[in-house]
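Enquirer: Sharing a structure with you now.
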Amino acid sequence: MKKAERLAELLNSCGDELFSALMNGSIQRSAGLDRLLMLFEYLSDRIFLPKSTSGAYRLMVRRAAKLGWAPGEPSDSHALTFKEQERTEKKLREYLASGGRRGKLVRKAVTGAAVLTAAGLGVFFTARWVTSEEYLSRLTEYGIMIADTERSEKEIVFEIRLRDEEDMYLERMPVLKLTDKDGEWTFSAKPSAEFAFRDERALCTSKVRELILRSEDYDRGYDFLPGHYEVTFDFCRYSKDEKTEIASITKEVEI
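Residues in the sequence shown are numbered consecutively from 5, following the working numbering.
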């Protein structure tokens, strides 16, 4: 099933319930419709959609809570009209056709390409990294950029790049914290797990390095469960055999 059709199916099956939960926060109807669309756009930006309607609903409710919207319990007092659902689905399809969130950011990057080129930055670097949340939020902090490029039950793939010429090292394989409806769990990599860098393990440089986290390398020993993950990277530097801790950076991903 195509992604657009699956999203339309989810909107039809849980959109009314989600809209009702959002409206119980005592907001205007227009604001509730805007928030409903934003949550489904957020869902559409995932590489893999949840397999169940309940999983998609829980994911969007958690996102709403994180945004401070405080959704209440669904009720029969608010319901989408046929035209409202139709307009929401149309806008969602248009969002998908435009490339979603990544498409928006790339278009912004292209708009500013002349200025960036004058500053000596390549177009490839811009298109590659401006689309990551870390580029936007940590451009001036530590000089570390992290982007997740793939997410699945088997592995999570990150790309890491330093803005500075001075190299850094990953202290250890990242620690994962999973949050779902049942609570929180923290997982560390097995002692036998190897960094997926192909040369000079754990070294991060001004060149893009790809780091692969495999589910089999973590202490649960099986597939990554669906949910919200916080992935913590610990960076350090060495000088004359002395270690200096630089930063602990957390990247959030959804499986």
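Ideal Cβ positions, reconstructed from N, Cα and C, are used throughout, including at glycine.
Would you mind working out which of Asp49, Asn28, Asp221 and Glu258 sits nearest Tyr233, comparing C-alpha positions?
Expert: Glu258
Enquirer: Where does Glu157 fall in DSSP's three states?
Expert: coil
Enquirer: Should Ser271 be labelled buried (16 or more other beta-carbon atoms within 10 Å of its own) or exposed?
Expert: Outside the shown range of the chain (5 to 259) lies residue 271, about which nothing can therefore be said.
Enquirer: Would you mind working out which of Leu229, Arg97, Ile250 and Glu88 sits nearest Phe191, comparing C-alpha positions?
Expert: Leu229
Enquirer: Can you check DSSP and say which residues form a bridge with Arg218?
Expert: Glu159
Enquirer: Under a Cβ-count criterion, where at least 16 other Cβ atoms within 10 Å of its own Cβ denotes burial, should Trp73 be classed as buried or exposed?
Expert: buried
Enquirer: Kindly list the residues whose CB is nearer than 7 Å to the CB of Gly36, restricted to its own chain and excluding five residues on each side of it in sequence; keep chain order.
Expert: Phe23, Leu26 and Met27
Enquirer: In the DSSP output, what is Val257 paired with across the bridge?
Expert: Tyr233
Enquirer: Express the C-alpha separation of Glu246 and Lys7 in angstroms, rounding to a whole number.
Expert: 51 Å
Enquirer: Determine the burial state of Pro75: buried for a count of at least 16 other Cβ atoms within 10 Å of its Cβ, exposed for fewer.
Expert: buried
Enquirer: Since Gly187 sits in a beta bridge, which residues does DSSP pair it with?
Expert: Asp184
Enquirer: I believe Phe86 touches Leu174 by the beta-carbon criterion, under 8 Å. Please report the beta-carbon distance rounded to the nearest angstrom.
Expert: Between Leu174 and Phe86 the Cβ distance is about 53 Å, and since that is not below 8 Å, they are no contact.
Enquirer: What residue range is occupied by the uninterrupted alpha helix (DSSP H) comprising Tyr173?
Expert: Looking at the DSSP string, Tyr173 is not in any alpha helix (DSSP H); the run it does join, the beta strand (DSSP E), is Met172 to Leu174.
Enquirer: Should Pro54 go down as buried or exposed, given a rule of 16 or more other Cβ atoms within 10 Å for buried?
Expert: With 16 or more other Cβ atoms within 10 Å, it is buried.
Enquirer: CA-CA distance, Lys185 and Arg97?
Expert: 29 Å
Enquirer: Between Ser56 and chain B, is the shortest Cβ-Cβ distance under 8 Å, so that the two count as touching?
Expert: Among the chains of the structure shown, chain B does not appear; only one protein chain is present.
Enquirer: Work out the CA separation of Ser156 and Phe44 for me, nearest whole Å.
Expert: 20 Å
Enquirer: Answer with buried or exposed for Ser219, where buried requires no fewer than 16 other C-beta atoms within 10 angstroms of its C-beta.
Expert: buried
Enquirer: Note down, one range per segment and in chain order, each beta strand (DSSP E) of at least 3 residues found wholly within the stretch 46–73.
Expert: none
Enquirer: Should Ser48 go down as buried or exposed, given a rule of 16 or more other Cβ atoms within 10 Å for buried?
Expert: buried
Enquirer: Using alpha carbons as the reference points, say which of Lys95, Glu170 and Tyr226 lies closest to Lys194.
Expert: Answer by Cα proximity: Tyr226.
Enquirer: Quick one: is Tyr242 buried, meaning 16 or more other Cβ sit within 10 Å of its Cβ, or exposed?
Expert: So Tyr242 ends up on the exposed side.
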